[in-house]
Structures are given as C-alpha cells and as structure tokens.
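Trainee: Here it is, the structure in full.
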Amino acid sequence: MTAVPEHGSHGAAIAVIADVHGNSDALRAVLADIDALGIGPILNLGDHFSGPLAAAETAELIAARDMICIRGNHDRWLIDQSPDEMGPSDRVAYDQLAERDLDWLRSLPATLPLGDDIFMCHGTPASDTSYWMERVAPSGEVLFRPLDEIETAADGLEAPVLLCGHTHRPRLVRLRDGRIILNPGSVGLPAYDDDLPVYHVMESGNPAACYAVLSKGAAGWDVSFRAVPYDASRMAALAEAAGRPDWASAVATGWLRAQTQA
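Quick note on numbering: the sequence shown equals residues 1 to 262 in the UniProt record's numbering.
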C-alpha cells in the first residue's frame, strides 16, 4: 500500500488533478498555480493524454514532476486497443506518444489506496467508465445520483477521502458516515459528449483549468476548488486543425458547442 505523501499530514496541502487529456497549456497553468501556492504532492486521477491536442508535450510535463498517478479509461484504451480500433481522440494521442510513454501508462494501477486516509480511482472503485456522483437518464439528461447509490459504490472502503475523476465536473459529496468523495474537475477538457449509456453531454461552462486542493485540519479534511484561467487559443487551434471543432469549442468556452445569444 502506498503511503500518504508527507505533505498530507496535519496542516499541509495536496493537489488533486484529473483528466488533463493532452492539454499541455492547461496543465502548465495548473502546475504554476500549484507551485505558487507551495503545494508539494500531486495526485493525478488519470486520462492524461487522449485528445487532438498535445499529448507528447503533456507526457514531458508529467514525467518532469513528482506525481502519484493512476490509469483512466482513455489511458487503458491507449494500451489495450490496436490503433485501428481506437476512437479519434485516442488515436491522435497514440500517434504523438513515444513507446516509453505507453510503457508508463502500462505501469499505472487502476486504483490506489494511500495509507489509511485516501483512495484514488478514476470513475468508481469498480469501473473506470462509470460515473460515481452522477447518472444519465434515458433521455440523456445528467442527474445527481441518489446518495444511497453513491454510498453503495463506496462499500468496503474505509479511507475518509475518496478521490475520483472521469465526469470532468468539480464536485464534493459527504457521505452519512463522514467520508467525502471528491472530483477535482478536469484540468484540460471542460466539456465532452459520450454515447454510453445513452448519448449525453457534459459541459462545465467554464474554460478554466480546474483542480482541487486537499488538506487535513483539526476539524477534518478541507477541500478547495481552483479554476485557473489560461490562454486556450493554441489548444483550440490544434483541435480545429485536427478536424475537431467540438474540442475547440470545449477548451475555448467550456461548452461543447459555441453558445450564442438569443
């Protein structure tokens, strides 16, 4: 079992990031903010590279930092599928990455307990493609998941802090026994769509690079959400050049499709 980073002791802070998706400029902004705050450890909840952006640059940034990382569903697809089977976001990233980057993804665990205090997963403890705090209605509407269902997915986990990503939505839920589930939001992709379980859209409406800061105080665990502004124009241009206007809109505006005034 990996120990909780030393800076996670009483009074110090841990940065929690997720879903960079190859957005190297957003990651640079977040890392600069982390450094300005003097935060030491960084916990990374996966989906590092996939997207029509800058996967190789992102790999270099992550390799240069001391992070504790786990694997997300898009990371898994990059190493489990042949290139011909990949979706367009995974394939663009795959073509940019070196074999050492793929080997690094292969080395990552799907979930990771950190001592007795923190548990890391990408989606839920049992699935990297499931939403923990949201559910998708048959109509495609994204709804808040009932607390009973959220708690059921946490059965068997005793850590007071449960970390997840995947939905790209910053969210904090406190369970009835006092444990918290924290999603820090997405560093690099504030909006996306998916066909499973039915077609739906996730949009934050905020183009900032998002992450969370976690610290342990006398009264328990304290969480603050950070939304770091950055110039997304280069990433939007890369997405447009790759034929992905949906990604260009997402990184530039926080909406999957450009919103217009009525």
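Glycine residues also receive a C-beta, built at the ideal position from the N, C-alpha and C atoms. Note that the coordinates shown come from a computational prediction; the quantities given were computed from them, not determined experimentally.
#1: Quick one: residues in its chain with C-beta nearer than 7 Å to the C-beta of R244, no 5 flanking neighbours on either side, listed in chain order?
#2: Tell me the DSSP secondary structure of A12 in three-state form.
#3: Buried or exposed: V198, going by 16 or more other Cβ atoms within 10 Å of its Cβ?
#4: Mapping the DSSP letters down to three states, classify A54 as helix, strand or coil.
#5: Do A248 and the ligand MN come close, with the Cβ less than 7 Å from some heavy atom?
#6: Compute the distance between the beta-carbons of A250 and P160, then report whether it is under 8 Å.
#7: Quick one: residues in its chain with C-beta nearer than 8 Å to the C-beta of S233, no 5 flanking neighbours on either side, listed in chain order?
#8: Who are the Cβ neighbours of D222 in its own chain at under 7 Å, not counting the five residues just before and after it?
#9: So what's M120 in DSSP terms, helix, strand or just coil?
#10: With the cut-off set at 8 Å, would you say Y131 and H166 are in Cβ contact?
#11: Which class does H21 belong to by DSSP, given the choice of helix, strand or coil?
#12: Answer with buried or exposed for L147, where buried requires no fewer than 16 other C-beta atoms within 10 angstroms of its C-beta.
#13: Which runs of the beta strand (DSSP E) spanning at least 3 residues fall entirely within the stretch 65 to 109, listed in chain order?
#14: So, at 7 Å on beta carbons, what are the nonlocal neighbours of A230 in its own chain, with the 5 sequence-adjacent residues on each side left out?
#15: Please classify P170 as buried or exposed, where buried requires at least 16 other C-beta atoms within 10 Å of its C-beta.
#16: Assuming M133 is part of the alpha helix (DSSP H), what are its boundary residues?
#17: Have a look at D80, I17 and Y94 and flag the residue whose alpha-carbon is nearest the alpha-carbon of M67.
#18: Using three-state DSSP, classify I62 as helix, strand or coil.
#19: Residues in the same chain with beta-carbon distance under 7 Å from G254, minus the five sequence neighbours each way, listed in chain order, please.
#20: Should F49 go down as buried or exposed, given a rule of 16 or more other Cβ atoms within 10 Å for buried?
#21: Check whether the Cβ atoms of D90 and H74 lie closer than 8 Å to each other.
Mentor: Result, derived from the coordinates:
#1: Translated into the one-based positions of the sequence shown, residue 244 becomes position 244. Contacts found: P52.
#2: Position 12 of the sequence shown, counted from the first residue, corresponds to residue 12. If DSSP states are grouped into helix, strand and coil, A12 belongs with coil.
#3: As a working note, residue 198 is residue 198 in the sequence shown. Exposed: under 16 other Cβ atoms inside 10 Å.
#4: The residue you call residue 54 lines up with position 54 of the sequence shown. Residue state, collapsed to three classes: coil.
#5: The ligand MN is absent from the structure shown, which contains no ligands of any kind.
#6: The residue labelled residue 250 in the question sits at position 250 within the sequence shown. The residue labelled residue 160 in the question sits at position 160 within the sequence shown. Contact flag unset, no.
#7: Here residue 233 corresponds to residue number 233 of the sequence shown, with the count starting at 1. So the qualifying residues of the chain are A252.
#8: Working through the sequence shown from its first residue, we reach residue 222 at position 222. Hits under 7 Å: S215.
#9: For the purposes of this step, residue 120 is taken as the residue at position 120 of the sequence shown. M120: strand per DSSP, three-state reduction.
#10: Indexing the sequence shown from 1 puts residue 131 at position 131. Indexing the sequence shown from 1 puts residue 166 at position 166. In contact: Y131 and H166 (Cβ atoms closer than 8 Å).
#11: As a working mapping, residue 21 is identified with position 21 in the sequence shown. Coil at H21, not helix or strand.
#12: Here residue 147 refers to the residue found at position 147 of the sequence shown. L147 comes out exposed.
#13: 67 to 69
#14: By one-based count along the sequence shown, residue 230 stands at place 230. In the sequence as displayed, the identity of residue 230 is Tyr instead of Ala. Within the same chain, Y230 has close Cβ partners D25, A26, A29 and A209.
#15: Indexing the sequence shown from 1 puts residue 170 at position 170. When all chains shown are included, P170 counts as buried.
#16: Indexing the sequence shown from 1 puts residue 133 at position 133. Neither: M133 is in no alpha helix (DSSP H) and is coded neither H nor E.
#17: What you label residue 67 is simply residue 67 of the sequence shown in a count that begins at 1. If we check each option's Cα against that of M67, I17 comes out closest.
#18: Stepping through the sequence shown from its first residue, residue 62 is reached at position 62. In the structure shown, I62 sits in a helix (DSSP, three-state: H, G or I).
#19: Within the sequence shown, the letter at position 254 stands for residue 254. The answer, listed in chain order, is P190, A191, E203, S204, G205, N206 and P207.
#20: As a first step, residue 49 is located in the sequence shown; it is residue number 49 there, counting from the start. Classification of F49: buried, given that the 10 Å Cβ count is 16 or more.
#21: In the sequence shown, counting from the first residue as 1, residue 90 sits at position 90. In the sequence shown, counting from the first residue as 1, residue 74 sits at position 74. Yes.
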